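*Asks:* Please find one structure pasted underneath; my questions will follow.
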Amino acid sequence: MISPRLRALVSCPDCRFPLRDEGARFVCPNCHRGFAPGHGYIDLRPADAFNETTKYTDEALHVDARHERVSPPLLGAGVRNRMLRDFLALTPHDRLIDLGCGSGRMMLWNHDTGAWMVGVDVAPFFAHEAIEQTDLVLGDLRRMPFPDGSFNKAWSLDVFEHLSKDALEGFLRETARVMAPGGALFVYTHVRKNAPIARGLRWINHLAAWLERRGLIDMTVERLRKSDHLNPLADIPDLEQTVGAAGFRIERIRYYTPLIGGFVENILMRMAEHAMASRARARQPAGTSDSAAAVRDARTSAKARIARGGLVYGVLQALTTLMMLDVWLFGRIQSGPFFALLVKESARPSAG
Ligand SMILES: [Zn+2]
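Written as structure tokens, this is what we have:
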């Protein structure tokens, strides 16, 4: 949606002048560029497109229609959301920006906090519920259409790893600009250097590969997702240095080595999904051979069943809590993936 509050806030992505709201469109009083709101979000991308855009804008990653319907936060997503709520402690007074919001599901899951939220993404694959319930902007994270200090909280999940070092630095500088001093940014990403315990994950991957060769699971989408990783951060000191240069300090960090989570998500869930898809294919009338559609339908109906609650939902909630053990047991062992709370320093650190 495009609320009056968002309409009053937006500025020109090219020259940063506050936009004039003319009802049917927004106009920059400085460079005279016009922006038309439509489809429940405003397109405020900069005029000169950056040459580096992620594969996430490709249709291929969205053919499974995962973005169309938002399920409750369960399993890996549930772990991320529980950490986010714990780290950010949102209140109705908060002005929050979701950096790289994707479908907008994270905002939907935290709607109950009463915080005002604006989602920004470079691709318009927003969920229907997000379009109905939250403010959305199509934009570039390195040139955001908001004035300085607009937000006091922010989150960015699964974004850093898709950027080059240059792009990450630009993104962090721009995030620091749109955040108020003392503002808190929750991040979920990873550095390249893993803890020795992460070797356990390799066994899980070997097991997944073995099961896939036997046609018991399908990891195609997961492979596609990972193929887009640029992993710009070497280790934690590199993280500290990089966020520090943009004016952030690390307030809190918990590492995430998903040994239990990896087994639950990559083995148990893939097998359940595979069984579901086979059953759906078997139910198809003879002569139809659209197996992709069968998988899609199976997934959609499973999501609907989960949304209604009941036994499956309860089991998935219990598995999510079990997956939290990865944080409780291994959260203080420095490893690749982590949750962090970055705080914007009140004054920019002086050079040298
Ligand atoms: Zn302008």
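Here the sequence shown is numbered in the working numbering, starting from 3 and rising by one per residue.
Using N, Cα and C, we set each Cβ at its ideal position, and we do this for glycine too.
Small disclaimer: the values here were computed from a predicted structure and weren't measured.
1) Could you compute how far the alpha carbon of Ala49 sits from the alpha carbon of Gly36?
2) Verify whether the separation of the beta carbon atoms of Pro15 and Arg22 is less than 8 Å.
3) Ala248 and Arg194 - do their beta-carbons sit closer together than 8 Å?
4) Give me the Cα-Cα distance between Leu268 and Tyr258, rounded to the nearest whole angstrom.
5) Relative to the alpha-carbon of Leu101, which residue among Pro198, Leu140, Arg87 has its alpha-carbon at the smallest distance?
6) How many whole angstroms separate the CB atoms of Glu163 and Thr191, which I take to be in contact at a CB cut-off of 8 Å?
7) What residue does the alpha helix (DSSP H) around Met278 start on, and which one ends it?
8) Ala211: buried (16+ other C-beta within 10 angstroms of its C-beta) or exposed?
9) Taking the continuous beta strand (DSSP E) assigned at Glu24, which residues delimit it?
10) How would you label Cys17, buried or exposed, when you count the other beta carbons within 10 angstroms and need 16 or more for buried?
11) For Ala145, which residues from the same chain have a beta carbon less than 7 Å from its beta carbon, with the 5 sequence-adjacent residues on both sides left out?
12) Report yes if the CB atom of Arg97 is closer than 8 Å to the CB atom of Trp118, and no otherwise.
13) How would you call Gly116, buried or exposed, if buried means at least 16 neighbouring beta carbons within 10 angstroms?
14) In angstroms, rounded to a whole number, what distance separates the CA positions of Ile335 and Leu209?
15) Using a threshold of 7 Å, is the CB atom of Phe19 nearer than that to any non-hydrogen atom of ligand 1?
16) Do you know offhand how far Ser73's Cα is from Ser105's?
17) Whose C-alpha, out of Ala277, Val120, Ala296, Ala197, is nearest the C-alpha of Met181?
18) Give the secondary structure of Pro6 by DSSP, where H, G and I count as helix, E and B as strand, and everything else as coil.
*Replies:* In brief:
1) The straight-line gap separating the alpha-carbon atoms of Ala49 and Gly36 is approximately 11 Å.
2) It is not a contact, given that the beta carbons lie outside the stated cut-off.
3) Against a cut-off of 8 Å, the Cβ pair of Ala248 and Arg194 comes out as no contact.
4) Residue identity check: residue 268 is Asn in the sequence provided, not Leu. Distance between Asn268 and Tyr258, taken at the CA atoms: about 16 Å.
5) The shortest Cα separation from Leu101 among Pro198, Leu140, Arg87 belongs to Leu140.
6) Confirmed, Cβ separation roughly 5 Å.
7) For Met278, the enclosing alpha helix (DSSP H) begins and ends at 272 to 285.
8) Residue burial annotation: Ala211 is exposed, with fewer than 16 other C-beta atoms found within 10 angstroms of its C-beta.
9) That residue, Glu24, is in no beta strand (DSSP E); it is neither H nor E in DSSP.
10) Exposed.
11) This sequence places Arg at residue 145; Ala is not what is there. Contacts found: Pro15, Pro48, Glu176.
12) Result yes, Cβ atoms of Arg97 and Trp118 sit closer than 8 Å.
13) Counting every other CB atom within 10 Å of its CB across the protein chains shown gives Gly116 a total below 16, marking it as exposed.
14) In this structure, the straight-line span from the alpha carbon of Ile335 to that of Leu209 is close to 24 Å.
15) The answer is yes for Phe19.
16) C-alpha separation (whole angstroms): 11 Å.
17) If we check each option's Cα against that of Met181, Val120 comes out closest.
18) In the structure shown, Pro6 sits in a helix (DSSP, three-state: H, G or I).
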